[in-house]
Amino acid sequence: MTRILVVDDEPQLLRALQINLQARQYDVTTAADGTVALDETARARPDAIILDLGLPGLDGLQVIAALRVWSSVPVIVLSGRSGADEKVAALDAGADDYLTKPFAMNELLARLRAVLRRPSTEDPLTGTAVIGDFTVDLVGCTVSAHREGTDPVRLTRTEWRILTLLVQHPGRLVTGPQILHSVWGPGHEDKNNYLRVYLAGLRRKLERDPAHPRHLRTEPGMGYRFDP
Numbered sequence: 001m002t003r004i005l006v007v008d009d010e011p012q013l014l015r016a017l018q019i020n021l022q023a024r025q026y027d028v029t030t031a032a033d034g035t036v037a038l039d040e041t042a043r044a045r046p047d048a049i050i051l052d053l054g055l056p057g058l059d060g061l062q063v064i065a066a067l068r069v070w071s072s073v074p075v076i077v078l079s080g081r082s083g084a085d086e087k088v089a090a091l092d093a094g095a096d097d098y099l100t101k102p103f104a105m106n107e108l109l110a111r112l113r114a115v116l117r118r119p120s121t122e123d124p125l126t127g128t129a130v131i132g133d134f135t136v137d138l139v140g141c142t143v144s145a146h147r148e149g150t151d152p153v154r155l156t157r158t159e160w161r162i163l164t165l166l167v168q169h170p171g172r173l174v175t176g177p178q179i180l181h182s183v184w185g186p187g188h189e190d191k192n193n194y195l196r197v198y199l200a201g202l203r204r205k206l207e208r209d210p211a212h213p214r215h216l217r218t219e220p221g222m223g224y225r226f227d228p
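Mapping the sequence shown onto UniProt numbering, position 71 (from 1) lands on 71, and the numbers just tick up by one.
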């Protein structure tokens, strides 16, 4: 089934969209704020997102900007903001379409079908990554040891989000601001101490020699790189 994530802080509208989409054989996940929306995108890997702009916490524009660091999932904005400036800002941020509330359900469904027909450029998150003595399953969110007697590893939600972002771009530099924007949201791009703490924790858990990491590498002054 095609997976759709619906993000809106109006419970009645969220429920109505969920019922209408499920009646048309879509697999629907919902979120009522921007932070949960980002978490659900990483967890459920939706085929498309229907997104309100006026959300508590991270607003819709911030969600789109964070998503576009690591995902090309189609986003349809569904908002009560009807001004041209708001539409331009959302499309420039990376939205694929924009529909103003109140709306006709048939029009929303037509726009949804249109974005789903577009060729996907999403990097599939399908495999595993070997880091030190461990195999990391990015889909199942599990870490299994290669050697007997090796202690099991548990990663925090933030560690998973950082690791997923790096492993999705093997061999490529991911800048510190990109990671901070994607994981913590706009306004945190200069909090490099956050990354140093979390990368040190990931290396302690996963690298054979955390002081000389083989896979989770730092590019001084630029960012981080996952080397398979």
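For each residue, glycine too, the CB sits at the ideal point set by N, CA and C. These figures come from a predicted structure and were not determined experimentally.
How should K205 be labelled, buried or exposed, when 16 other C-beta atoms within 10 angstroms of its C-beta is the threshold for buried? Looking up residue 205 in the sequence shown gives position 205. Under this definition K205 is a buried residue.
Can you have a look at E207 and say buried or exposed, based on whether 16 or more other CB atoms are within 10 angstroms of its CB? Numbered from its first residue, the sequence shown carries residue 207 at position 207. Buried, because 16 or more other Cβ atoms sit within 10 Å of the Cβ of E207.
Tell me where the alpha helix (DSSP H) around T158 begins and ends. Mapped onto the sequence shown, residue 158 falls at position 158. Counting along the chain, the alpha helix (DSSP H) containing T158 begins and ends at R157 to V167.
Name, in chain order, the residues that DSSP records as bridge partners for L5. Within the sequence shown, residue 5 is the residue found at index 5, counting from 1. The partner list for L5 (beta bridge, DSSP) reads T29 and I49.
Are A129 and V167 touching if we call contact CB-CB under 8 Å? Numbered from its first residue, the sequence shown carries residue 129 at position 129. Numbered from its first residue, the sequence shown carries residue 167 at position 167. Yes, the pair counts as a contact, with Cβ atoms nearer than the cut-off.
Would you say L216 and R203 are within 8 Å of each other, going by their C-beta atoms? Counted from its first residue, the sequence shown places residue 216 at position 216. Counted from its first residue, the sequence shown places residue 203 at position 203. In this structure, R203 lies closer than 8 Å to L216 by Cβ.
Give me the residue from I64, Y98, R3 and Q18 with the minimum Cα distance to A48. Here residue 48 refers to the residue found at position 48 of the sequence shown. Cα-wise, what sits closest to A48 is R3.
Mind checking which residues open and close the alpha helix (DSSP H) that includes L138? Counting from 1 along the sequence shown, the entry for residue 138 is found at position 138. Premise fails: L138 is in no alpha helix (DSSP H) and is neither H nor E.
With 16 as the cutoff for other CB atoms within 10 Å, does F134 come out buried or exposed? For the purposes of this step, residue 134 is taken as the residue at position 134 of the sequence shown. Per the 10 Å Cβ criterion, buried.
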